[in-house]
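**Q** Before I ask anything, let me first share the structure, which is written out below as structure tokens.
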DNA sequence: ATAATAAAAGAGTTTCTTATCTTTATTTAA
DNA sequence: TTAAATAAAGATAAGAAACTCTTTTATTAT
């Protein structure tokens, strides 16, 4: 696995896709999203339902329904997506999995890791969901496969 | 989960433990290691067998046998342990899980992530297995629970 | 040689993650 | 008010990761 779980990878790609598709208004259906990012449709549906319960995407049922992101969502940091799916273990947890690892009782990797974890957290906090739309529109970045 | 898999956490803790216990010579048995780092004995045995096949720890069967680390092992970077167990996906993989993500065809997070991944890799490469022995001996760092 | 010891190997179980399929609830448009 | 569209929810299954138990093999001391 990479840094994030596969579920989290899907979530991030889906959120970018929805943001990109609906920044100018409208909704996008689960089928189109799954197709657009290359993920299993039903599985992604679960993930998006979860994100919508947490307010990270919006959704409307029925005809012309689908998922969308409003302005407030576009401004949220992508760390919100990661935390919603993978939890905050990646930002706060000990690299060796030790419960009581801390500044006072550090594991061998504690200090080296603190820097990296903080840097990761800072980066994901400083990067907003909406930030990629212009790049996606101009086709510089890709979300599929 | 944290940055590494649970198996990898066990592996790192076990390697530090073995290095610490046998830096001055001698061997340490699987039972003592499992007890010392708080891991399931039989599961850890598998992990250490794997590491010993790859030369990251040494082992001797029979009475007075056990695992140990010689000088050459103490000088290896801890990235060797991580790569042996979790592979190098964490160092090289795309954060969004995209196969064809690259400099030319980057995903939305590509550039932001490159920095972090490189920093992580650099750190794990620059840190040797033997490096923690003095701290472990003086009791500053802990490996259990 | 033999017995004791300890790692190595194999087989099996449980749990978690990822994925699929089916049904239900809600909304809109005609 | 009915039919169609679509998200939400539930139930289940496949696969991988984590863990356990048992048997085998190698080594050493007696």
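Chains as they are written, first to last, in this note's numbering: chain U, 450 to 594; chain R, 450 to 594.
Note that the Cβ used here is the ideal one computed from N, Cα and C, for glycine as well.
All values reported here derive from a predicted model rather than from experimental measurement.
1) Under 7 Å Cβ to Cβ from residue 593(U), same chain only, skipping five residues before and after it: list those, please.
2) Distance cutoff 8 Å, beta carbons only. Does residue 515(U) sit that close to anything in chain R?
3) Looking only at DSSP bridge pairs, what is residue 577(U) linked to?
4) Can you tell me the Cα-Cα spacing of residue 500(R) and residue 544(U), whole angstroms?
5) Is it true that the CB of residue 460(U) sits closer than 8 Å to the CB of residue 496(U)?
6) Between the segment 501 to 520 of chain U and the segment 535 to 550 of chain U, do at least 3 Cβ pairs fall closer than 8 Å?
7) Counting only Cβ pairs nearer than 7 Å, list the residues of chain R close to residue 568(U).
8) Quick one: list the residues of chain U neighbouring residue 675(R), beta-carbon separation under 8 Å, in chain order.
9) Whose C-alpha, out of 513(R), 521(R) and 570(R), is nearest the C-alpha of residue 564(U)?
10) Taking 7 Å as the limit between beta carbons, can you name the residues of its chain near residue 519(U), skipping five residues before and five after?
11) Counting only C-beta atoms, is residue 581(R) closer than 8 Å to chain U at any point?
12) When you compare only the Cα positions, how much space is there between residue 557(U) and residue 462(R)?
13) From this set, 470(U), 551(U) and 532(U), which residue's C-alpha is nearest residue 587(U)'s C-alpha?
14) Assuming residue 527(U) contacts residue 576(U) under a Cβ cut-off of 8 Å, what Cβ separation, rounded to an integer in Å, is found between them?
**A** Reading from the atomic positions:
1) 485, 486 and 487, listed in sequence order.
2) Closer than 8 Å: no.
3) DSSP, once it has assigned bridges, lists 526(U) as partnering residue 577(U).
4) Those two C-alpha atoms are separated by around 19 Å.
5) In this structure, residue 496(U) lies near residue 460(U), with their beta-carbon atoms less than 8 Å apart.
6) Counting C-beta pairs with one atom in each stretch, the segment 501 to 520 of chain U and the segment 535 to 550 of chain U have fewer than three that are closer than 8 Å, which means they do not touch.
7) Contacts between residue 568(U) and chain R, judged by CB atoms closer than 7 Å, involve 565 and 568 in chain order.
8) This structure does not reach residue 675(R), given that chain R is present from 450 up to 594, and the question cannot be answered.
9) Considering only alpha carbons, the answer is 570(R).
10) Result list for residue 519(U): 507, in chain order.
11) Cβ-Cβ to chain U under 8 Å: yes for residue 581(R).
12) If I take the Cα positions, the gap works out to 9 Å.
13) For the residues 470(U), 551(U) and 532(U), the minimum Cα distance to residue 587(U) belongs to 470(U).
14) The pair is a contact, with the Cβ atoms about 5 Å apart (cut-off 8 Å).
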